[in-house]
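Visitor:
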Amino acid sequence: MNTKAKDRIATGVFYAMAMIIVAVLFGLLFYILFHGLQRIDLQFITSSPEFMKAGGGVGPQLFNSLYLLVLTMLITLPLGLGGGIYLAEYAPKNKVTDVIRLSIEVLSSLPSIVVGLFGLMLFVNTMGWGYSILSGAFALTVFNLPLMVRVVEESLSSVPREQKEASFALGITHWATIRKVLLPVALPGILTGAILAAGRIFGEAAALLFTAGMSSPNLNFANWNLLDPASPLNPFRPAETLAVHIWKINSEGLIPDVREVADGASALLVITVLVFNIAARWFGKWLYRRLTAS
Amino acid sequence: MSSPTKQHDSWWKEGVGKVLTTVSASILILTTLAIIYFIASKGLATFFSNGVSLVEFLIGTEWNPEGAPGQFGALPFILGSFIVTVGSALLAAPLGIGTAIFMTEISPRIGQKVMQPVIELLVGIPSVVYGFIGLSVLIPFLRNSFGGVGFSILAGILVLTVMILPTITSLSVDAVKRVPRDLKEASLALGATRWQTIWNIIVLRSSLPGLLMAIILGMARAFGEALAVQMVIGNTTAIPKSLLSPSNTLTSGITLNMGNTIPGSAYNNALWSMGLLLLIMTLIFILLIRWISKRGQA
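See below:
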């Protein structure tokens, strides 16, 4: 066989591979959205799930997912900013910095079930928070923090050197330079990364089984008392999220319309991830235009 | 000359920033150490407090932790984890790398406009969704075409393949893009065909380390995935006889039993030992990646 023919065959094979992937991936998306969208309506996303009978919704689960996301972000953002700034601006080239980088690598590649086990032991048992939103939020922080630190560090490092040196030359201190010069320029990148990371935590399930729990108490959305067990805002109540709900109804199989509820919930998750992705791109571009002269 | 108070003031402001950021950074180290300490102390208790033999745990095939005496052979779980990981990598690596080359070298226009956004989106799709699709589409398909229950090692491999494909593809795209343009053009100018250039210059030389890292990261993801695998693999603790027999993995064993066992019991601790194995494998994957990236730079 001559080289020309080989080249042509190889090109054909590459096309075939790409087609297979496109078919599988598009098929998957289409399948989820097609089946799920038939199920999603106002009743589905606002009402509580049913036990043993059909027709339940995922209202509390959707709320739990969002609330958990907000709490996790409240913990992760300041810590992530701090860690990222340290690595980009202060970290000397030494063994300690190497250990920090190794830690980031380990934390970001740990299986989520292992993070869940760690959360079970530290937050649920040792701290005594039980299966609760707070335990779940801290477990999710373990995943999210390394991502955030990386995003912040990369965004800060991509700020042009001249801007930083101009600030130093004006006699402005390092910390003030970071706050007033570097962070505003890096902000679009940081926010884009944060929103993408948020999409990832939104669908996390394995780490939450043993931390946020697999049940959701009856919630009274008029009750805003943080310490009342029926209040949706109480951080010490157990909170089953959308992703956990999909898993639970499939493994328990108690309701007759498992398939429909899981279809709807899957589509909700995928749509949310989609919205996060689009929002991250759009918002980052918009902010960049607002903050710079371009 | 600035007054002493002013100097003190600026030192104080400067110090706050450094202290705050240093504390945040040290939290990363503390968390990592805490995870290793907690998981290891519980995981090792199986062998030191409950008297299970390490050899039995690693190579024993009988898993009956509630029997009298309990049997703690975790090999079926370990084997299951390795088979699904290697199996899915074998399927996903050629497809993912081939697609990455298609996206960068053969049709960058389609690659960037259509495939890149879809693949980025799929990286973010929750694993439970993959598991659920596997459960509702793949399992009936396998049952109808091969008989049996459908829940099987093969189902686990296929679900994981689809799950790690986006990861491997997008990392491979990055690796292929890093190949210097001059190198490719020199190869084409010397009369090499596109295939020869792709195979000899891109795959075998310039981006080999990057491609290997993409595969290993995909494998790490597959090895640690819990729910998607648990939903389709059948959860039968026995050494699998064929690709179509139901099996179990370390992650699915932990997922299913951690909630139903009494903390402190030998059974419960054995599950922590399985968690420790997962942790150790993560560290091994990281070491492999570091080793490859060092070799790649040299």
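Sequences listed follow chains A and B, in order.
Note that UniProt numbering gives residue 221 to position 221 of the first sequence, counting from 1, and the numbers run on in steps of one.
Note that UniProt numbering gives residue 45 to position 45 of the second sequence, counting from 1, and the numbers run on in steps of one.
All C-beta atoms in this analysis are idealised placements derived from N, C-alpha and C, irrespective of residue type, glycine included.
Predicted model only: the values in this text are computed from it and were never measured.
Report the residue from ARG221/B, GLY218/B, LEU256/B whose alpha carbon sits nearest the alpha carbon of THR236/B.
Guide: Within the second sequence, the letter at position 236 stands for residue 236/B. Answer by Cα proximity: LEU256/B.
Visitor: Quick check: the region 54–70 of chain A against the region 235–252 of chain A, are there 3 or more CB pairs under 8 Å?
Guide: With a cut-off of 8 Å, the region 235–252 of chain A and the region 54–70 of chain A count as touching, because enough Cβ pairs lie within range.
Visitor: In angstroms, rounded to a whole number, what distance separates the CA positions of SER49/B and THR177/A?
Guide: Position 49 of the second sequence, counted from the first residue, corresponds to residue 49/B. Position 177 of the first sequence, counted from the first residue, corresponds to residue 177/A. Taking the straight line from one Cα to the other gives about 55 Å.
Visitor: Using 9 Å as the limit for Cβ to Cβ distance, is THR237/B near chain A?
Guide: Working through the second sequence from its first residue, we reach residue 237/B at position 237. Output row for THR237/B: interface = no.
Visitor: Distance check for GLU252/A and ALA74/B, CA to CA, integer angstroms please.
Guide: Your numbering for residue 74/B matches position 74 in the second sequence. Your numbering for residue 252/A matches position 252 in the first sequence. For ALA74/B and GLU252/A, the distance between alpha carbons rounds to 25 Å.
Visitor: Determine the contact status of THR211/A and GLY136/A, defining contact as a CB-CB distance below 9 Å.
Guide: What you label residue 211/A is simply residue 211 of the first sequence in a count that begins at 1. What you label residue 136/A is simply residue 136 of the first sequence in a count that begins at 1. Contact: yes.
Visitor: Just how far apart, CA to CA, sit GLY83/A and LEU20/B?
Guide: The count along the first sequence starts at 1 and reaches residue 83/A at position 83. The count along the second sequence starts at 1 and reaches residue 20/B at position 20. Using only the alpha carbons, I get a separation of about 9 Å.
Visitor: Any contact of the region 144–164 of chain B with the region 199–209 of chain B, i.e. 3+ C-beta pairs under 8 Å?
Guide: In short, these stretches do not touch, since the Cβ pair count stays below three.
Visitor: With burial defined as no fewer than 16 other Cβ atoms inside 10 Å of the residue's Cβ, what is the status of ILE278/A: buried or exposed?
Guide: As a working mapping, residue 278/A is identified with position 278 in the first sequence. Classification of ILE278/A: exposed, given that the 10 Å Cβ count is below 16.
Visitor: Are at least three pairs of beta-carbons, each pair with one atom in the region 115–124 of chain B and one in the region 188–195 of chain B, less than 8 Å apart?
Guide: No, the region 115–124 of chain B does not touch the region 188–195 of chain B.
Visitor: Which residues in the same chain have their Cβ closer than 7 Å to the Cβ of ASN268/B, if we skip the five residues on either side of it in sequence?
Guide: The residue labelled residue 268/B in the question sits at position 268 within the second sequence. Excluding sequence neighbours, ASN268/B sits near THR261, ILE262.
Visitor: Only counting the same chain, and skipping five residues up and downstream in sequence, which positions put a Cβ closer than 6 Å to that of PRO240/B?
Guide: Locating residue 240/B in the second sequence gives position 240, counting from the first residue. Same-chain partners within the cutoff: ILE153, SER247.
Visitor: Per DSSP, PHE285/B forms a beta bridge with which residues?
Guide: Working through the second sequence from its first residue, we reach residue 285/B at position 285. DSSP, once it has assigned bridges, lists no residue as partnering PHE285/B.
Visitor: Just to make sure I have the definition right: I need the residues of chain B whose C-beta is within less than 8 Å of the C-beta of ILE255/A. Which are they?
Guide: As a first step, residue 255/A must be located in the first sequence, where it is residue number 255. None at all; the shortest Cβ gap to chain B is about 15 Å.
Visitor: So, are the CB atoms of ALA95/B and ILE20/A less than 9 Å apart?
Guide: As a first step, residue 95/B must be located in the second sequence, where it is residue number 95. As a first step, residue 20/A must be located in the first sequence, where it is residue number 20. The question names Ala, yet the displayed sequence has Leu at residue 95/B. The answer is yes: Cβ separation under 9 Å.
Visitor: May I ask you to report which of helix, strand or coil DSSP gives SER247/B?
Guide: Looking up residue 247/B in the second sequence gives position 247. Residue state, collapsed to three classes: strand.
Visitor: State buried or exposed for LYS180/A, treating a residue as buried only when at least 16 other CB atoms are found within 10 Å of its CB.
Guide: What you label residue 180/A is simply residue 180 of the first sequence in a count that begins at 1. By the 10 Å Cβ count, LYS180/A comes out exposed.
Visitor: Could you tell me which chain C residues have their CB closer than 9 Å to the CB of ASP98/A, listed as they occur along the chain?
Guide: In the structure shown, chain C cannot be found, because the protein chains are A and B.
Visitor: For residue 324/B and MET213/B, what's the separation of their Cα atoms in angstroms?
Guide: Given a span of 1 to 298 for chain B in the structure shown, any question on residue 324/B remains unanswerable.
Visitor: Would you say LEU68/A and ALA265/A are within 9 Å of each other, going by their C-beta atoms?
Guide: The sequence position of residue 68/A within the first sequence is 68, counting from 1. The sequence position of residue 265/A within the first sequence is 265, counting from 1. No, these two residues do not count as a Cβ contact at 9 Å.
Visitor: Comparing alpha-carbon positions, which option in VAL173/B, THR61/B, ILE39/B, ILE110/B lies nearest ILE254/B?
Guide: Stepping through the second sequence from its first residue, residue 254/B is reached at position 254. Checking every option, the nearest Cα to that of ILE254/B belongs to ILE39/B.
Visitor: Tell me whether the beta-carbon of residue 298/A lies closer than 9 Å to the beta-carbon of ALA16/A.
Guide: Limits of chain A in this structure are 1 at one end and 294 at the other, which puts residue 298/A out of reach.
Visitor: Could you tell me if GLY147/B is buried or exposed, where buried requires 16 or more neighbouring beta carbons within 10 angstroms of its beta carbon?
Guide: For the purposes of this step, residue 147/B is taken as the residue at position 147 of the second sequence. Under this definition GLY147/B is an exposed residue.
Visitor: Per DSSP, what kind of secondary structure is GLN71/B in: helix, strand or coil?
Guide: Position 71 of the second sequence, counted from the start, is the residue given in the question as residue 71/B. In the structure shown, GLN71/B sits in a strand (DSSP, three-state: E or B).
Visitor: Return the chain-ordered list of same chain residues with a C-beta closer than 6 Å to the C-beta of VAL128/B, the five sequence neighbours on each side being excluded.
Guide: Translated into positions along the second sequence, residue 128/B becomes position 128. Excluding residues within five positions, the ones whose Cβ falls inside 6 Å are LEU227.
Visitor: Would you mind reading off the limits of the alpha helix (DSSP H) that contains PRO146/A?
Guide: Stepping through the first sequence from its first residue, residue 146/A is reached at position 146. That run of the alpha helix (DSSP H) goes 133–157.
Visitor: Expressed to the nearest angstrom, what Euclidean distance is found between the alpha-carbon atoms of LEU158/B and SER88/B?
Guide: Start at 1 with the first residue of the second sequence, and residue 158/B comes out as number 158. Start at 1 with the first residue of the second sequence, and residue 88/B comes out as number 88. Spanning the two alpha carbons is a distance of roughly 7 Å.
Visitor: If you draw a straight line from the C-alpha of VAL142/A to the C-alpha of PHE221/A, how long is it?
Guide: The residue you call residue 142/A lines up with position 142 of the first sequence. The residue you call residue 221/A lines up with position 221 of the first sequence. Answer to the nearest angstrom: the Cα atoms are 29 Å apart.
Visitor: Quick check on GLU165/A: buried or exposed, where buried means 16 or more other Cβ atoms within 10 Å of its Cβ?
Guide: Position 165 of the first sequence, counting from 1, holds the residue named residue 165/A. Exposed, because fewer than 16 other Cβ atoms sit within 10 Å of the Cβ of GLU165/A.
Visitor: Between PHE159/A and chain B, is there a C-beta pair that is closer than 9 Å?
Guide: Taking the first residue of the first sequence as position 1, residue 159/A is located at position 159. The question names Phe, but residue 159/A in the sequence shown is Val. It does not; no Cβ of chain B falls within 9 Å.
Visitor: Using the C-alpha atoms, what's the distance from PHE168/A back to HIS174/A?
Guide: Sequence index remark: in the first sequence, residue 174/A carries index 174 (1-based). Sequence index remark: in the first sequence, residue 168/A carries index 168 (1-based). Each residue's alpha carbon lies about 7 Å from the other.
Visitor: For residue 346/B, list the residues DSSP reports as bridge partners.
Guide: Here chain B covers residues 1 to 298 and nothing more, so residue 346/B does not appear.
Visitor: How many Å lie between GLY15/B and ARG290/B at the Cα?
Guide: On the second sequence, position 15 is the one that residue 15/B refers to. On the second sequence, position 290 is the one that residue 290/B refers to. Approximately 34 Å, taken between the alpha carbons.
Visitor: In this structure, how does DSSP classify TRP224/A when only helix, strand and coil are distinguished?
Guide: Taking the first sequence and counting its residues from 1, one reaches residue 224/A at position 224. DSSP places TRP224/A in coil when its eight states are reduced to three.
Visitor: Name the residue from THR32/B, VAL229/B, LEU276/B whose alpha carbon lies nearest to the alpha carbon of LEU135/B.
Guide: Locating residue 135/B in the second sequence gives position 135, where the first residue counts as 1. Ranking THR32/B, VAL229/B, LEU276/B by Cα distance to LEU135/B puts VAL229/B first.
Visitor: Does the separation of the CB atoms of ILE133/A and PHE202/A fall below 9 Å?
Guide: In the first sequence, counting from the first residue as 1, residue 133/A sits at position 133. In the first sequence, counting from the first residue as 1, residue 202/A sits at position 202. No, the Cβ-Cβ distance between ILE133/A and PHE202/A is not below 9 Å.
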